[in-house]
Ligand code: PGA
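Residue numbers (the numbering used here): 126 to 373.
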């Protein structure tokens, strides 16, 4: 059974209030393509304004990170409940940029994902190998280990999404071959079965890394690719809308 596709945009540290105007055209495409769930994850500062604009547009808003604790002395951090109260329905955790820049471990990502789920958010848990790991033939083993360490066992199709993002494909214009994506997504599906039992079949697995209008149709129709996590091409509706359409 094919899962309903999710196309999520990760604005990273980009965007301002004016950029929220893009949400209208993105929403129109989301409503026209009723088979696809659409989300935009702007910086924290825009979540609440984005949620207001998105209301009625048929798109969800997400955060890009949350703290594992509910509250406390963590200057500069934001809890999952705060992200939710601001108007988000989902939150990305464990993006490779945070694993690298902030030194987040699988245990950190697991704790954040569990906090997100407990707060009523959908956790989008990111995994993916570096180029050196792929060249060494270890890509699948690396991703399986990340899943083992990062996926909360209470995850279900309704509150957990996995995003497979090869680190070397993010922002580079390079993508794995369709065969490599198929191999990895099948391995992720099998691993989800190990860690979540039968519920693993209901968890969507997104592909991310240099998804563009020109390659979206091919990537989105590979077996066990249940959507896309899109960085650069999510900033402008002119790029993001064709990706939504390719998923439909
Ligand atoms: P990209 O980023 O689409 O710009 O490669 C994807 C991501 O990091 O989520």
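Using N, Cα and C, we set each Cβ at its ideal position, and we do this for glycine too. Owing to the predicted nature of the structure, the values given are computational and were not obtained by experimental measurement.
- Taking non-hydrogen atoms of the ligand PGA into account, the C-beta of residue 340 is found less than 6 Å away from none of them.
- For a cut-off of 8 Å, the C-beta gap from residue 332 to residue 320 is around 20 Å, too long to register as a contact.
- When secondary structure is reduced to three states using DSSP, residue 185 falls in the strand class.
- The C-beta distance from residue 250 to residue 276 rounds to 6 Å, short enough to fall under 8 Å.
- The three-state secondary structure of residue 213, taken from DSSP, is coil.
- Under DSSP, the beta-bridge partners assigned to residue 130 are 161.
- Short of 8 Å from the beta carbon of residue 214, and not among the five residues preceding or following it, lie these beta carbons of its own chain, in chain order: 164, 185, 186, 187, 246 and 247.
- Counting the other Cβ atoms within 10 Å of the Cβ of residue 189 gives 16 or more, which makes it buried.
- Distances taken from the Cβ of residue 352 to the heavy atoms of the ligand PGA include none shorter than 6 Å.
- A Cβ-Cβ separation of about 16 Å leaves residue 292 out of contact with residue 272 under the 8 Å criterion.
- A check of alpha carbon separations from residue 296 across 356, 216 and 343 identifies 356 as the nearest.
- According to DSSP, residue 340 shares a beta bridge with no other residue.
- Taking 6 Å as the cut-off, the C-beta of residue 357 counts as close to a heavy atom of the ligand PGA.
- For residue 278, the three-state secondary structure derived from DSSP is coil.
- The beta carbon of residue 234 is closer than 6 Å to those of 218, 219 and 275 in its chain, skipping five residues each way along the sequence.
- Cα atoms of residue 326 and residue 243: separation of roughly 21 Å, rounded to the nearest angstrom.
- Within the same chain, Cβ atoms closer than 8 Å to the Cβ of residue 338 are found at 358, 364, 367, 368 and 371, the five residues on either side in sequence being excluded.
- In the DSSP assignment, residue 248 falls within the unbroken beta strand (DSSP E) covering 247–252.
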